[in-house]
Amino acid sequence: MCIVFYTQVQPGYKLVLAANRDEYLDRPASAAHWHRFEQPEQPRDDDYVLCGRDLGSPDQGTWLGITRDLRIGILTNIRYPVTPTTTITPSRGLLLKAFLAPPPAQAPPIDDFLNSISSETYAGFNLLLFHLHKRQNGWGEDEIGYLCNQPQHTLLSLSNDNVPSRGISNSPLDAPFPKVVEGEARMTQLLADCHAQGGSEDDLVENLMSLLSPSRPIKTYTDMTHSTRIDPFLLGPNPNASPTPEVAGGRWYATRVSTVILVKDDGQVLFVERDIATLEDGVVIQGSGERKERFAAEFS
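So for the sequence shown, numbering that gives the first Met the number 0 puts the first residue at 0; every next one is plus one.
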């Protein structure tokens with residue numbers, strides 16, 4: 000399970016985005032950092048991709064990231080029900096890696112990129128992509144695209160739709176989970192309150208982290224469709240089965256990190272990634288780490 004909320008109608012901001020990443024706690028991953036998807040990585044001052052990487056996959060893709068020229072992408076899986084397959088499917092993290100990896104001057108239009116994807120070769124996914132074009136004299140036209148491959152191939156342009164808040168989790172955009180519907184309403188209200196109260200940028204970040212925090216005990220799959228933050232529980236080898244307290248072969252699963260991205264009207268960007276739950280020597284502990292990056296958008 001994962002979830003993302005965003006809006007483009009908040010006064011003073013080009014984009015406000017908040018997301019949770021839910022995953023097995025023992026799956027290796029790197030924290031968000033600057034790089035360019037090299038293997039092995041060789042840090043350079045001109046690295047242009049900011050994201051964590053899935054070290055549990057040989058492809059070392061990602062689930063959420065941003066570039067200096069304001070390409071932004073979020074990937075969520077469509078997991079339930081999981082359909083058994085005898086074929087080996089490509090890593091879905093490759094999709095977002097392929098979008099973010101090209102140098103800024105070589106970034107393809109989003110429509111071209113999404114149309115080039117053979118979505119039927121992948122397990123179920125939602126892919127939400129942005130390219131916000133900062134110019135010397137303001138902003139160009141936004142590119143926002145969405146691709147889903149279950150239950151059927153769906154490709155949409157979401158540019159300039161002016162919705163107050165939009166959310167996506169682990170179901171298709173047109174079949175939102177209850178937590179998405181509830182979260183969209185909460186985001187719209189909290190952003191209105193933040194604007195009316197004139198709070199600081201730090202206040203906005205904390206309010207968005209609170210947006211990502213509502214949870215309930217996970218006892219059934221249905222609970223996961225209502226819980227924005229997934230508290231740690233043991234998930235067994237059959238992902239279609241309901242969670243049980245102590246299941247043979249179970250692995251700890253939870254919301255691992257929460258991320259907030261703020262793009263201001265002047266092109267200044269704030270990226271915050273906060274640890275929510277981690278696993279140390281087989282023991283689940285509350286996360287305490289945080290990565291915070293500020294940068295100015297490059298012209299595109």
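Just so it is clear, CB atoms sit at the ideal spot from N, CA and C, and this is done for glycine as well. If you're wondering where the values come from, they're calculated on a predicted model, not measured in any experiment.
Which residue comes first and which comes last in the alpha helix (DSSP H) that contains Glu182?
Here residue 182 refers to the residue found at position 183 when the sequence shown is read from its first residue. Going by the sequence as given, residue 182 is Gly instead of Glu. It spans Pro177 to Gln196 - the alpha helix (DSSP H) in which Gly182 sits, taken as one unbroken run.
Which residues bound the beta strand (DSSP E) around Ala17?
What you label residue 17 is simply residue 18 of the sequence shown in a count that begins at 1. From DSSP, the beta strand (DSSP E) with Ala17 extends over Tyr12 to Tyr23.
How close, in whole Å, do the beta carbons of Ile116 and Leu95 come, if the pair is a contact with beta carbons under 8 Å?
Sequence index remark: in the sequence shown, residue 116 carries index 117 (1-based). Sequence index remark: in the sequence shown, residue 95 carries index 96 (1-based). That pair is no contact at about 11 Å.
Under 8 Å, do Thr222 and Arg215 count as touching if we go by C-beta distance?
Working through the sequence shown from its first residue, we reach residue 222 at position 223. Working through the sequence shown from its first residue, we reach residue 215 at position 216. The residue you asked about is not Thr; residue 222 is Asp in the sequence shown. The answer is yes: Cβ separation under 8 Å.
Am I right that Tyr47 and Leu261 are in contact with their C-beta atoms under 8 Å? What's the rounded C-beta distance?
If you number the sequence shown from 1, residue 47 lands on position 48. If you number the sequence shown from 1, residue 261 lands on position 262. About 19 Å separates the two Cβ atoms, so there is no contact after all.
Less than 7 Å between C-beta atoms, sequence neighbours within five positions excluded: which residues of the same chain meet that for Gly166?
Along the sequence shown, one-based indexing puts residue 166 at 167. So the qualifying residues of the chain are Ile2, Val3, Phe4, Pro175, Val179, Gly182 and Glu183.
Which of helix, strand or coil does DSSP assign to Ser118?
Start at 1 with the first residue of the sequence shown, and residue 118 comes out as number 119. Of the three classes helix, strand and coil, the one that applies to Ser118 here is helix, per DSSP.
Under 8 Å, do Leu69 and Ala296 count as touching if we go by C-beta distance?
As a first step, residue 69 must be located in the sequence shown, where it is residue number 70. As a first step, residue 296 must be located in the sequence shown, where it is residue number 297. Against a cut-off of 8 Å, the Cβ pair of Ala296 and Leu69 comes out as a contact.
When you compare each of Asn136, His132, Gly137 and Arg91 to Leu126 by their alpha carbons, which one comes out closest?
What you label residue 126 is simply residue 127 of the sequence shown in a count that begins at 1. Considering only alpha carbons, the answer is Arg91.
Give the C-beta separation of Ile77 and Gly123 to the nearest angstrom, bearing in mind that I take them to be a contact with Cβ-Cβ under 8 Å.
Against the sequence shown, residue 77 aligns to sequence position 78. Against the sequence shown, residue 123 aligns to sequence position 124. About 3 Å; that satisfies the 8 Å criterion.
Are Val283 and Leu24 touching if we call contact CB-CB under 8 Å?
Residue numbering aside, residue 283 sits at position 284 when the sequence shown is read from its first letter. Residue numbering aside, residue 24 sits at position 25 when the sequence shown is read from its first letter. Cβ distance < 8 Å, so Val283 and Leu24 count as in contact.
With DSSP run on the structure shown, which of helix, strand or coil describes Val204?
Sequence index remark: in the sequence shown, residue 204 carries index 205 (1-based). Val204: helix per DSSP, three-state reduction.
Taking Glu119 as the reference, give the member of Leu128, Thr153, Ser299 and Gly144 with the closest Cα.
Your numbering for residue 119 matches position 120 in the sequence shown. Glu119 has its Cα closest to that of Thr153, out of Leu128, Thr153, Ser299 and Gly144.
Roughly how many angstroms lie between the CA atoms of Val259 and Gln149, to the nearest whole one?
As a position in the sequence shown, residue 259 is number 260, starting the count at 1. As a position in the sequence shown, residue 149 is number 150, starting the count at 1. Cα to Cα, Val259 sits roughly 27 Å from Gln149.
Rounded to whole angstroms, what is the Cα-Cα separation between Lys291 and Leu49?
The residue given as residue 291 occupies position 292 in the sequence shown. The residue given as residue 49 occupies position 50 in the sequence shown. Looking at the two C-alpha atoms, the distance is approximately 11 Å.
Alpha carbon to alpha carbon, what distance is there between Phe98 and Val256?
One-based indexing of the sequence shown puts residue 256 at position 257. One-based indexing of the sequence shown puts residue 98 at position 99. Near 22 Å, if we compare the C-alpha coordinates of Phe98 and Val256.
If we ignore side chains and look at the alpha-carbon of each, how far apart do Pro236 and Thr75 end up?
Along the sequence shown, read from residue 1 onward, the residue named residue 236 stands at position 237. Along the sequence shown, read from residue 1 onward, the residue named residue 75 stands at position 76. Using only the alpha carbons, I get a separation of about 20 Å.
Enumerate in chain order the residues of its own chain whose CB-to-CB distance from Pro177 is below 7 Å, with the five nearest sequence positions on each side excluded.
Translated into the one-based positions of the sequence shown, residue 177 becomes position 178. Thr224 and His225, listed in sequence order.
From Arg43 to His34, what does the alpha carbon distance come to, in whole angstroms?
Mapped onto the sequence shown, residue 43 falls at position 44. Mapped onto the sequence shown, residue 34 falls at position 35. Cα-Cα distance, rounded: 7 Å.
For His152, which three-state DSSP category applies?
Walking along the sequence shown from the start, residue 152 turns up at place 153. Note: His152 maps to coil in three-state DSSP.
Return the chain-ordered list of same chain residues with a C-beta closer than 8 Å to the C-beta of Ala28, the five sequence neighbours on each side being excluded.
Counting from 1 along the sequence shown, the entry for residue 28 is found at position 29. Here the set comprises Glu22, Gly51, Arg52, Asp53, Leu54, Gly55 and Arg255.
Judging by CA-CA distance, which residue of Ile71, Leu113, Leu63 and Asp110 is the nearest neighbour of Pro103?
For the purposes of this step, residue 103 is taken as the residue at position 104 of the sequence shown. Per the Cα distances, Ile71.
Short check: CB of Met186 to CB of Ser168, under 8 Å?
Position 187 of the sequence shown, counting from 1, holds the residue named residue 186. Position 169 of the sequence shown, counting from 1, holds the residue named residue 168. In this structure, Ser168 does not lie closer than 8 Å to Met186 by Cβ.
Using the three-state DSSP reduction, which class does Ser257 fall into: helix, strand or coil?
One-based indexing of the sequence shown puts residue 257 at position 258. It is a strand residue.
Can you give the beta carbon distance from Met208 to Arg273, rounded, assuming they're within the 8 Å contact cut?
Translated into positions along the sequence shown, residue 208 becomes position 209. Translated into positions along the sequence shown, residue 273 becomes position 274. Their Cβ separation, rounded to whole angstroms, is 7 Å, which keeps Met208 and Arg273 in contact under 8 Å.
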